[in-house]
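Undergrad: The structure is given below, and queries will be raised subsequently.
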Amino acid sequence: MRIPRPEAVFYPSDYLINARLKKSILSCFELVCPDAPDEAFDTSFKVLDIALSVLEKSSAAYHNVEHTSLVTQCGLDIIEAISLQIGKLNSEDLTSYIVALLCHDIGYVRGICKQDEKNRQIISLDGKFVEIEDYKTDASLTPYHVERGKIFVEERISEFPLVNVEKVKEFISETTFPVPNKERTNETGSFYDYAACVQAADLIGQMGDPKYISKLSKLFLEFKETGAAKMMKITSPVDLKDTYPQFFWSSVYEHIKDHINILEQSPRGKKWITSLYKNVFTRQKSETFSLSAQILFDRMLKLISKAETNFEIFQGLAKGLLEFYDGLIAHVYELDNDGEVLRSKKIWSVKEGNHKIKEFIKESERITFESGHGMPGRCLEFKEPQWHEDFSALDIKTFPRAKLALSVGVKAGIAIPIFTGSEVTAVIEIFSEEKRLPSNEDLSFIRLVTDYVATQFEL
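Just remember that the working numbering sits 13 ahead of the position in the sequence shown, which is counted from 1.
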């Protein structure tokens, strides 16, 4: 029997994206709003079909169906993680939130608004237009895509009674980049605020994409077309990759750090953060570290990611940092249940061949540190690494173990804070046989590793 050929080209990726997002949306409603009416599902699915059918027509190199699907999935994972903390959410709010995720970049596509003509595209709610030449891609609408998205929602989505169009427009406004500097109140500004969640999903869904680094060449094409590349002083995709870590830390991290903490509460959320940090760290370490440090970094991340308990994470961290720092001893202190005193976790990593440190270990496991006391206590107080380059010059009040440390060959040390969320919950000490200050490479390596480790802890 002859099987007839299809009349049109079939793109399975688009079909699979649609099916997977419908499954994710349904799962989100079941978890976040188990009593949601059928209308909420139906509305979300219909808007999904509309949005993807429009975005399939986009000629923009990067802002397309795949990008929107990643942002939507990230947004669903954020709101699910929030629900685990605060319980059920309102089904109408959730529906409007999902619509905003699906439509946040729909304004990139030309010809979607009622007043759009062939080359004449509306760019504002008050009726302003811009001319787009035939040879340009939809990326040329980058400066106007947020306003166009809001126009589209008003024209096409207002027919759905369950969707609060004004809220959706407000949520989409939060995806403007550079990120708007807004003073948020406690009522609307926490990471439970839907508008802030849409903003975070847009950033994390993009930068936490496992394939993001390879897609930067597509993003560069958009930047080049809009003139953004010239303003950013980048001339190739390589330049965009080289500046990516600095851009993340200086322009993005501050706006998503609360949502990073929230995503860490769920298994799927942790995958986003692991991928996000991997993208940042992989690029940053290649620019910053020696080859041996890069190899150690990769080995540590693999070891830590496979750890099944916090104890195993600390063990891997202590061993790796000791090797990187070429130290003599590494030791872990953990904050007690009252959150006031650091006590020894009795996790040690010691350079092979040293048999003289039993008394130092015994004293370190006995002593405790309050905030501001000793290197560990100052880590707790200032939330930054603390160090001494020469123990022989210290007063015993400053470092109670100085005399004992010198007797076993320790001459310098650094204490490194380990965070859970924004709070220091542990400190790792590393002691060296040589008088030394931490180098920029030392501090960069420490920051990258400990930031990654913070995403792995079970809270």
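Glycine is no exception: its CB is placed at the ideal position from the N, C-alpha and C atoms.
Going by beta-carbon coordinates alone, are ILE38 and SER57 separated by less than 8 Å?
TA: The sequence position of residue 38 within the sequence shown is 25, counting from 1. The sequence position of residue 57 within the sequence shown is 44, counting from 1. Yes, these two residues count as a Cβ contact at 8 Å.
Undergrad: In the stretch 224-297, which residue ranges form an unbroken alpha helix (DSSP H) of at least 4 residues, counting only runs that do not cross its ends?
TA: Correct list: 225-239, 241-245, 250-260, 266-276.
Undergrad: Could you name each continuous beta strand (DSSP E) segment of 3 residues or more that falls completely within the stretch 339-391, going from the start of the chain to the end?
TA: Segments of the beta strand (DSSP E) lying fully in the stretch 339-391: 342-348, 354-363.
Undergrad: Helix, strand or coil, according to DSSP, for HIS80 in the structure here?
TA: Taking the first residue of the sequence shown as 1, we reach residue 80 at position 67. Three-state result, HIS80: helix.
Undergrad: Let me know if GLY124 comes out buried or exposed under the rule of 16 or more other beta-carbons within 10 Å of its beta-carbon.
TA: Taking the sequence shown and counting its residues from 1, one reaches residue 124 at position 111. Answer is exposed; the Cβ neighbour count stays below 16.
Undergrad: With H, G and I counted as helix, E and B as strand and the rest as coil, what does DSSP make of PRO156?
TA: Counted from its first residue, the sequence shown places residue 156 at position 143. Note: PRO156 maps to helix in three-state DSSP.
Undergrad: Can you tell me whether VAL462 is buried or exposed? The criterion is at least 16 other CB atoms within 10 Å of its CB, across all chains shown.
TA: Start at 1 with the first residue of the sequence shown, and residue 462 comes out as number 449. Buried, by the Cβ-count rule.
Undergrad: GLN399 lies in the beta strand (DSSP E); which residues open and close that run?
TA: Locating residue 399 in the sequence shown gives position 386, counting from the first residue. That run of the beta strand (DSSP E) goes 399-401.
Undergrad: Which whole-angstrom value is the C-beta distance of LYS101 and PRO47, which I expect to be below 8 Å?
TA: Here residue 101 refers to the residue found at position 88 when the sequence shown is read from its first residue. Here residue 47 refers to the residue found at position 34 when the sequence shown is read from its first residue. Right, their Cβ atoms sit about 7 Å apart.
Undergrad: What would DSSP say about VAL440, mapped onto helix, strand or coil?
TA: Here residue 440 refers to the residue found at position 427 when the sequence shown is read from its first residue. In this structure, VAL440 counts as strand in the three-state DSSP scheme.
Undergrad: Out of SER263, SER72, PHE260, point me to the one whose CA is closest to ASP147's CA.
TA: Your numbering for residue 147 matches position 134 in the sequence shown. Considering only alpha carbons, the answer is SER72.
Undergrad: Label LYS182 either buried or exposed according to how many other C-beta atoms from any shown protein chain fall within 10 Å of its C-beta, with 16 as the threshold for buried.
TA: Along the sequence shown, read from residue 1 onward, the residue named residue 182 stands at position 169. With 16 or more other Cβ atoms within 10 Å, it is buried.
Undergrad: Report, in whole angstroms, the separation of the C-beta atoms of LEU3 and ALA94, which I expect to be a contact under 8 Å.
TA: Shown here, the chain extends from 14 to 472; a query on residue 3 therefore has no answer.
Undergrad: Compute the distance between the beta-carbons of ALA64 and CYS126, then report whether it is under 8 Å.
TA: Position 51 of the sequence shown holds residue 64. Position 113 of the sequence shown holds residue 126. Contact: no.
Undergrad: Nearest-angstrom Cα distance between SER109 and THR239?
TA: As a position in the sequence shown, residue 109 is number 96, starting the count at 1. As a position in the sequence shown, residue 239 is number 226, starting the count at 1. In a straight line, the C-alpha of SER109 is about 31 Å away from that of THR239.
Undergrad: Count Cβ pairs between the stretch 393-401 and the stretch 359-379 that sit closer than 8 Å; are there 3 or more?
TA: Flag = no, the stretch 393-401 and the stretch 359-379 do not touch.
Undergrad: Identify whether VAL143 lies in helix, strand or coil by the three-state DSSP scheme.
TA: Indexing the sequence shown from 1 puts residue 143 at position 130. The answer is strand: DSSP assigns VAL143 an E or B state.
Undergrad: Where does ALA428 fall in DSSP's three states?
TA: Within the sequence shown, residue 428 is the residue found at index 415, counting from 1. The answer is strand: DSSP assigns ALA428 an E or B state.
Undergrad: Counting Cβ pairs, one atom from each stretch, are 3 or more of them under 8 Å apart for the stretch 238-253 and the stretch 40-55?
TA: Taking 8 Å as the limit for Cβ pairs, the verdict is that the stretch 40-55 does not touch the stretch 238-253.
Undergrad: For LYS359 and ILE429, I'd like the C-alpha separation in whole angstroms.
TA: Position 346 of the sequence shown, counting from 1, holds the residue named residue 359. Position 416 of the sequence shown, counting from 1, holds the residue named residue 429. Distance between the alpha carbons of LYS359 and ILE429 is about 16 Å.
Undergrad: Just tell me which of GLN128, ASP349, ASN31 has its CA closest to the CA of GLN86.
TA: Counted from its first residue, the sequence shown places residue 86 at position 73. Here the closest residue by C-alpha is ASN31.
Undergrad: How is ILE92 classed by DSSP in three states: helix, strand or coil?
TA: Along the sequence shown, read from residue 1 onward, the residue named residue 92 stands at position 79. Reduced to three states, the DSSP call for ILE92 is helix.
Undergrad: Taking its Cβ as the centre, do 16 or more other Cβ atoms sit within 10 Å of LYS224, making it buried, or is it exposed?
TA: On the sequence shown, position 211 is the one that residue 224 refers to. Per the 10 Å Cβ criterion, exposed.
Undergrad: Going by C-alpha distance, which of TYR121, HIS80, GLU160, ILE145 is nearest ASP139?
TA: The count along the sequence shown starts at 1 and reaches residue 139 at position 126. Checked all of TYR121, HIS80, GLU160, ILE145; the closest Cα to ASP139 is GLU160.
Undergrad: Run through DSSP, which three-state label would THR108 get?
TA: Position 95 of the sequence shown holds residue 108. In the structure shown, THR108 sits in a helix (DSSP, three-state: H, G or I).
Undergrad: Give the secondary structure of GLN134 by DSSP, where H, G and I count as helix, E and B as strand, and everything else as coil.
TA: Stepping through the sequence shown from its first residue, residue 134 is reached at position 121. In this structure, GLN134 counts as strand in the three-state DSSP scheme.
Undergrad: Going by C-alpha distance, which of VAL122, ALA439, HIS268, ALA152 is nearest ASN323?
TA: On the sequence shown, residue 323 is found 310 positions in, with the first residue counted as 1. When each option's Cα is compared against that of ASN323, the closest is ALA439.
Undergrad: Here's the rule: buried if 16 or more other CB atoms are within 10 angstroms of the residue's CB, otherwise exposed. What is PHE190?
TA: The residue labelled residue 190 in the question sits at position 177 within the sequence shown. It is exposed - the Cβ of PHE190 has fewer than 16 other Cβ atoms within 10 Å.
Undergrad: Identify, in the order they occur along the chain, each residue of the same chain with its Cβ nearer than 6 Å to the Cβ of LYS163, setting aside the five sequence neighbours on each side.
TA: Residue 163 sits at position 150 when you count from the first residue of the sequence shown. Here the set comprises LYS182, ILE185.
Undergrad: Going by DSSP, what residue range makes up the alpha helix (DSSP H) through LYS416?
TA: The residue you call residue 416 lines up with position 403 of the sequence shown. Counting along the chain, the alpha helix (DSSP H) containing LYS416 begins and ends at 415-420.
Undergrad: Mind checking whether MET220 and ASN132 have CB atoms under 8 Å apart?
TA: Numbered from 1 along the sequence shown, position 207 holds the residue referred to as residue 220. Numbered from 1 along the sequence shown, position 119 holds the residue referred to as residue 132. No, Cβ-Cβ distance for MET220 and ASN132 is not below 8 Å.
Undergrad: Using DSSP's beta-bridge definition, name the partner residues of SER445.
TA: The sequence position of residue 445 within the sequence shown is 432, counting from 1. Per DSSP, ALA425.
Undergrad: Can you confirm whether the stretch 256-275 touches the stretch 304-316 when touching is taken to mean that 3 or more C-beta pairs between the two stretches lie within less than 8 Å?
TA: Contact between the stretch 304-316 and the stretch 256-275 is absent, because fewer than three Cβ pairs lie under 8 Å.
Undergrad: Along the alpha helix (DSSP H) that carries PHE404, what are the first and last residues, could you check?
TA: As a first step, residue 404 must be located in the sequence shown, where it is residue number 391. Unbroken run through PHE404: none, as it is neither H nor E.
Undergrad: Can you give me the C-alpha to C-alpha distance between ARG379 and SER288, rounded to a whole angstrom?
TA: In the sequence shown, counting from the first residue as 1, residue 379 sits at position 366. In the sequence shown, counting from the first residue as 1, residue 288 sits at position 275. C-alpha separation (whole angstroms): 39 Å.
Undergrad: Are there 16 or more other CB atoms within 10 angstroms of the CB of ARG33, so buried, or fewer, so exposed?
TA: On the sequence shown, residue 33 is found 20 positions in, with the first residue counted as 1. Counting Cβ neighbours within 10 Å, ARG33 comes out exposed, since fewer than 16 surround it.
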